[in-house]
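Engineer: Here it is, the structure in full.
In full-length UniProt numbering, the protein residues as written are 1 to 305.
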């Protein structure tokens, strides 16, 4: 879990890997606990979902053979190579799981690999938990995810301003839209306020209960909802290691709490200033590139034929 000896920063020298495991494990366990919203009324008639063999076959053939095996030890190369033979069997298994709303216990076990992020490696909160689950379970999740995304898109249940995690859209579209609104306000001698919200450990804090709670209201069958509830319950994990500008500064508030103002905003790795100038971002990227090129030039002589 902790980097190998000789690779760790100085501050981690007093920590033994085995002593840090329970600390990191408990941290990952308590992330994402939230209150549930009131029940949502159904807005689209319920329809049943039946998994098709061609869907399972496609998912198996698209498996990355370089991905790690889950706790069951079944490698991706076996599932991918034997996809034509395994797809009929797995299709029946997946259908039965969805029909009976039961999930094999082995699919609820995950090996959690802590991956260090920025900051001190002696701080457990600076590790990102990567859950390694069964590839059989991941294949079922991929089939259901494809169905769910298609259903949400076809029924226009997603906001038109959501650009990430959608087919035929990208986060670059968000940059185009945001800078267009920004520039339009400047052309009209007005102002545009850009609010940046950064959620700490966003991927780790996904509100699973609330998301599951919304599915029946969106027309998903009860069996689909119950199946996902069963999957998320009793999980276990093993931790491996227009106006004139005011002369006074604008002080926006939210629920009587002042919101800090900045002259630039970080959006998708690009720093944009309030006057739509990218000079600061370009300068920063140039410095980073210069450092990398400098290192390359220093070591180049060691690799000359």
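Backbone N, C-alpha and C define an ideal beta-carbon position, used for all residues, glycine too.
1) Under the assumption that residue 134 contacts residue 106 (Cβ atoms under 8 Å), give the Cβ distance between them as a whole number of angstroms.
2) Go ahead and label residue 177 buried or exposed: buried means 16 or more other beta carbons lie within 10 angstroms of its beta carbon, across all protein chains shown.
3) Would you kindly check if the distance between the Cβ of residue 128 and the Cβ of residue 355 is under 7 Å?
4) Take residue 55 as the anchor and find which of 77, 76, 92 and 66 has the nearest alpha-carbon.
5) Cutting at 8 Å between CB atoms, please list the residues of its own chain near residue 71, excluding the five before and the five after it.
6) Of the choices 100, 81, 59 and 259, whose alpha-carbon is the least far from that of residue 195?
7) How close, in whole Å, do the beta carbons of residue 271 and residue 263 come, if the pair is a contact with beta carbons under 8 Å?
8) Pick helix, strand or coil for residue 92, following the three-state DSSP scheme.
9) Going by beta-carbon coordinates alone, are residue 206 and residue 142 separated by less than 7 Å?
10) Any chance you could list the beta strand (DSSP E) runs of at least 3 consecutive residues sitting entirely within the stretch 47 to 94, in chain order?
11) Could you say if the stretch 147 to 160 and the stretch 205 to 221 meet the contact criterion of at least three C-beta pairs nearer than 8 Å?
12) Restricting to Cα atoms, I'd like to know which of 120, 275, 57 and 85 is closest to residue 189.
13) Closest by CA to residue 74, which one among 122, 286, 57 and 137?
14) Is residue 391 helix, strand or coil when you go by DSSP?
15) Please name the residue, chosen from 97, 65, 95 and 94, that lies closest to residue 82 on a Cα-to-Cα basis.
16) Just to confirm the assignment: which complete alpha helix (DSSP H) runs, minimum length 4, are found wholly within the stretch 187 to 219?
17) Can the beta-carbon of residue 278 be found closer than 7 Å to that of residue 49?
Structural biologist: On the basis of the supplied data:
1) That belief holds up - the Cβ atoms of residue 134 and residue 106 are roughly 6 Å apart, short of 8 Å.
2) Answer is exposed; the Cβ neighbour count stays below 16.
3) Since the first residue shown for the chain is 1 and the last is 305, residue 355 is missing from the structure and cannot be characterised.
4) Minimum Cα-Cα distance from residue 55 among the listed residues 77, 76, 92 and 66 corresponds to 92.
5) In the same chain as residue 71, and ignoring 5 residues on each side of it, the C-beta atoms closer than 8 Å to its own belong to 106, 109, 110, 111, 132, 133, 134 and 238, in chain order.
6) Relative to residue 195, the option among 100, 81, 59 and 259 whose CA is nearest is 259.
7) Beta-carbon to beta-carbon, residue 271 and residue 263 are separated by about 10 Å, too far to satisfy the 8 Å threshold.
8) Residue 92: helix per DSSP, three-state reduction.
9) Not a contact, by the Cβ cut-off of 7 Å.
10) Scanning the stretch 47 to 94 from its first residue to its last, no whole beta strand (DSSP E) run of 3-plus residues comes out.
11) Yes, since at least three Cβ pairs between the stretch 147 to 160 and the stretch 205 to 221 fall closer than 8 Å, the two stretches touch.
12) That would be 275, whose Cα lies nearest to the Cα of residue 189.
13) Ranking 122, 286, 57 and 137 by Cα distance to residue 74 puts 137 first.
14) Summary: the structure shown does not reach residue 391, with the chain confined to residues 1 through 305, and so no result is reported for it.
15) Considering only alpha carbons, the answer is 65.
16) The stretch 187 to 219 contains these whole alpha helix (DSSP H) runs: 208 to 214.
17) In this structure, residue 49 does not lie closer than 7 Å to residue 278 by Cβ.
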